[in-house]
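Here's the structure, in structure tokens; my notes come after.
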Amino acid sequence: EVQLVESGGGLVQPGGSLRLSCAASGFIFSDHYMDWVRQAPGKGLEWVGRIRKKANSYTTEYAAFVKGRFTISRDDSENSLYLQMNSLKTEDTAVYYCVRGPSHPPDAFDIWGQGTMVTVSS
Amino acid sequence: DIQMTQSPSTLSASVGDRVTITCRASQSISSWLAWYQQKPGRAPKLLIYKASSLQSGVPSRFSGSGSGTEFTLTISSLQPDDFAAYYCQQYTTYSLTFGGGTKVEFK
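Quick mapping for you: the protein sequence lines, in order, are chains A and B.
Just so we're aligned, residue 78 is where the first sequence starts under the numbering used here, counting upward by one.
Just so we're aligned, residue 32 is where the second sequence starts under the numbering used here, counting upward by one.
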């Protein structure tokens, strides 16, 4: 079964850091771009960023609101995706979804994790 | 960034109704548009990709059309399982963007 399972969410104070992880299974992880998408409580979906595959030099792209605070990385040997979040703000409070990106872009997001909740509050 | 504008934001309908949701892009995205369905507390689910291609396993009452800047998602006969939120997404550029969403609720 193709699956993405996020972990690492929780409560953090403004200005703090958090690292989210995503464990992939059931598909060839290294063949795909991987993305993070978030959803603030009661709001819509917001793309956070992307990491490409080895063939594309693991390059990354981020939404404008990230402004150097977040870093996406991956470990293909562990089938894992990461999101390091620093200098967190209250407006970063959201469910963060790990999403399978394309193997041959452009393409839509066909596999989503269940999400992990991040709450930024004092 | 390309802006995606969905309308309406809320839609009241009954079982059996034909429902249409519109998504407009701020510039041409060719056919690089997807539609997702999301139910409360659940992750989004891909319905349509490349503007009009039905994702495997999605009922045929869902259809998508359009190209360039104007797109529509149509549900031919609304079923009880279809009451949910729907989002469009463009994936043509380095910065991917979603529409604001449309909530389909019971009339």
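Glycine residues also receive a C-beta, built at the ideal position from the N, C-alpha and C atoms.
Item to check | Residues of the region 58 to 73 of chain B with Cβ closer than 7 angstroms to any Cβ of chain A, in chain order | outcome: Taking a C-beta cut-off of 7 angstroms against chain A, the contacting residues of the region 58 to 73 of chain B are W63, A65, listed in chain order.
Item to check | Beta-carbon proximity list for T124/B, same chain, < 7 angstroms, skipping 5 on both sides | outcome: I33
Next on the checklist: Residues in the same chain with beta-carbon distance under 6 angstroms from C175/A, minus the five sequence neighbours each way, listed in chain order, please.
Outcome noted: L81, E83, C99, L158, G190
Item to check | Proximal chain A residues relative to S126/B, where beta-carbon distance stays under 8 angstroms | outcome: W124, E138, A140, A141
Item to check | Reduced DSSP category for T41/B - H, G, I as helix; E, B as strand; rest coil | outcome: strand
Checklist entry - So, is G109/A buried or exposed, given that buried needs 16 or more other C-beta atoms within 10 angstroms? => result Residue identity differs from the one stated: residue 109/A is His in this sequence, not Gly. By the neighbour-count rule (16 or more Cβ atoms within 10 Å), H109/A is buried.
Checklist entry - Between the C-alpha atoms of T51/B and S83/B, what's the straight-line distance to the nearest angstrom? => result 14 angstroms
Item to check | Best match in S94/A, F106/A, G92/A, V89/A for proximity to Y135/A [C-alpha to C-alpha] | outcome: F106/A
Checklist entry - In three-state DSSP terms, what is F106/A? => result helix
Checklist entry - In the structure shown, what three-state DSSP assignment does T105/B receive? => result In the structure shown, T105/B sits in a strand (DSSP, three-state: E or B).
Next on the checklist: Buried or exposed, going by whether 16 or more other CB atoms sit within 10 Å of the CB of G119/A?
Outcome noted: exposed
Checklist entry - What's the gap between the Cα of S150/A and the Cα of G192/A? => result 18 angstroms
Checklist entry - Relative to chain B, which residues along the region 143 to 176 of chain A have a C-beta separation below 7 angstroms, given in chain order? => result Y174
Checklist entry - Thinking C-beta only, is C54/B closer than 7 angstroms to F102/B? => result Against a cut-off of 7 angstroms, the Cβ pair of C54/B and F102/B comes out as a contact.
Checklist entry - Buried or exposed: which applies to D112/B, given that a residue is buried once 16 or more other Cβ atoms fall within 10 Å of its Cβ? => result Flag for D112/B reads exposed.
Item to check | Pairwise C-alpha distance: K81/B and D184/A | outcome: 8 angstroms
Next on the checklist: Counting only Cβ pairs nearer than 9 angstroms, list the residues of chain B close to G87/A.
Outcome noted: Going along chain B, no residue has its Cβ under 9 angstroms from G87/A, so there is no contact; the nearest lies around 18 angstroms.
Checklist entry - By the 10 Å Cβ neighbour count, where 16 or more other Cβ atoms means buried, how is L88/A classified, buried or exposed? => result exposed
Checklist entry - Relative to chain B, which residues along the region 183 to 198 of chain A have a C-beta separation below 8 angstroms, given in chain order? => result P183, D184, A185, F186, D187, W189, G190, Q191, G192
Item to check | Reference R73/B, options M111/A, V172/A, F147/A, D153/A, closest by Cα | outcome: V172/A
Next on the checklist: Could you compute how far the alpha carbon of P71/B sits from the alpha carbon of A115/B?
Outcome noted: 7 angstroms
Next on the checklist: Taking the beta carbon of R127/A as the centre, do at least 16 other beta carbons fall within 10 Å, making it buried, or is it exposed?
Outcome noted: Counting Cβ neighbours within 10 Å, R127/A comes out buried, since at least 16 surround it.
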